[in-house]
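First comes the structure, then the notes that go with it.
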Amino acid sequence: MKKKNTTLAAFIVGVMSICLVGCLGVGLAVRFSPELYKNYLNNSSLKVGDPAPDFELISLDGETMSLSQFKGRPILLSIGATWCPDCRIEAPLLQELHETYPQLAVLLIDSKESPEIIQAYADEFGLTHPILLDRDGAVMELYQVFAIPTELFIDADGIVQAKLIERVTPELLLEKLPLIGISPYTQFQSTIHP
3 MKKKNTTLAA FIVGVMSICL VGCLGVGLAV RFSPELYKNY LNNSSLKVGD
53 PAPDFELISL DGETMSLSQF KGRPILLSIG ATWCPDCRIE APLLQELHET
103 YPQLAVLLID SKESPEIIQA YADEFGLTHP ILLDRDGAVM ELYQVFAIPT
153 ELFIDADGIV QAKLIERVTP ELLLEKLPLI GISPYTQFQS TIHP
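Sequential numbering from 3 applies to the sequence shown in the working numbering.
Okay, structure coming up:
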């Protein structure tokens, strides 16, 4: 019986490792190859200029939230996970954005992780912006997210103005925020370096 449990555990760890390497491989290939990055952005069903698909998810606080409830406000939609190294690095910058620009809705979608793990992550980084639980990965599929972090800059009319498949840096924010009507008026305090 003990051997059966050990074999099952080894199998599960192996499958999870293959999935993680596959996700990271796609993400790294897209990130470090400008041609693949451009091809991904051009061939994804969700393109810059398209309306952002609406969804409804439960927040970490237990509140039902939809993307459409933020219509009329610019949105930075960040799709990631607690185990993602780049997501962990950019977490303080997303929180700083939330605190600095109250007119900007900063939304983090975490896919397929337990609320307990996500709560520990939120506590670790002092996150107070909404964190939405994509328990079955439906929003990742809807938005065709193949690598994390993925950021979507959505204007007040609900139109995708920019899509990034990389860690957000202060420099990228200074470039992309004006596309959704946010004029950066501060130097970012976060010490994020590309």
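Virtual Cβ for every residue (Gly too), placed ideally from N, Cα, C.
Predicted model, so just to flag it, every value in this text is computed and none were measured.
Proximity of residue i and residue j at Cβ, strictly below 8 Å
i, j, result
"Pro-117", "Leu-129", "no"
"Leu-154", "Ala-93", "no"
"Pro-76", "Ile-150", "no"
"Ser-113", "Ala-83", "yes"
"Ala-164", "Leu-181", "yes"
For residue i, the residue or residues it bridges with in DSSP
i, result
"Val-108", "Leu-78"
"Val-162", "Ile-156"
Own chain partners of residue i with C-beta closer than 6 Å, once the 5 adjacent residues on each side are dropped
i, result
"Gly-160", "Pro-53, Ala-54, Lys-73"
"Pro-186", "Leu-176, Leu-179"
"Phe-34", "The predicted model places Phe-34 with a pLDDT of 49, which falls under 50 and marks its position as unreliable, so this point remains unresolved."
"His-131", "His-100, Val-108"
As assigned by DSSP and simplified to three states, the class of residue i
i, result
"Ser-70", "helix"
"Asp-125", "helix"
"Ala-176", "The displayed chain sequence assigns Leu, not Ala, to residue 176. If DSSP states are grouped into helix, strand and coil, Leu-176 belongs with the helices."
"Ile-133", "strand"
"Glu-58", "strand"
"Pro-151", "coil"
"Phe-34", "Annotation note: pLDDT 49 at Phe-34 (below 50); position unreliable, no value reported."
7 Å CB neighbourhood of residue i in its chain, flanking five on each side removed
i, result
"Glu-115", "Ala-83, Thr-84"
"Ile-133", "Ser-61, Leu-62, Leu-110, Asp-112, Ile-120, Ala-124"
Contact set for residue i: own chain, Cβ-Cβ below 8 Å, skip 5 residues either direction
i, result
"Gln-105", "Arg-75, Pro-76, Ile-184"
"Val-50", "Leu-43, Val-162, Gln-163, Ala-164, Lys-165"
"Asp-138", "Lys-114"
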